[in-house]
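*Asks:*
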Amino acid sequence: MDQKEIIEGLKPICLCKGIKKKVFLKHIAAGIQTLAGLRKATGAGSGSCGGKRCTPRILDLLKEAEEKEHHAPPPHHHHK
Ligand code: FES
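For the sequence shown, our numbering assigns the number 630 to the initial residue and increments by one for each residue that follows.
Here's what the structure looks like:
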């Protein structure tokens, strides 16, 4: 993980609950790839705004993750 990714990960996604981007990425990596699933796993969307502010961001993350998967090179099995 490079520095840019670390800084990115500290960005809050759900402001009401103070949930950072990296928390969502962890769950996405673990296989939760739906809005409902992420909301449940992280508690996002249960804050005072009712998810008005974080929902579009979560959808963006899911889109991002999906695109990354599609563009990811096939796994290599090189050993150093
Ligand atoms: S920002 Fe997520 S519930 Fe308000």
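Every residue, glycine too, gets a C-beta built ideally from N, C-alpha and C.
Quick one: give me the first and last residue of the alpha helix (DSSP H) that I635 is part of.
*Replies:* Residues 632-638.
*Asks:* Restricting to Cα atoms, I'd like to know which of K651, A673, P641 is closest to M630.
*Replies:* The option with the nearest alpha carbon to M630 is K651.
*Asks:* How close, in whole Å, do the beta carbons of T742 and I648 come, if the pair is a contact with beta carbons under 8 Å?
*Replies:* The chain is shown from 630 up to 709; residue 742 falls before or after that span and cannot be answered.
*Asks:* Whole angstroms is fine: what's the gap from C645's alpha carbon to G679's?
*Replies:* Distance between the alpha carbons of C645 and G679 is about 9 Å.
*Asks:* Alpha carbon to alpha carbon, how far is I636 from R663? Give it in angstroms, no decimals.
*Replies:* At residue 663 the sequence reads Thr, which differs from the Arg that was named. The straight-line gap from Cα to Cα measures roughly 24 Å.
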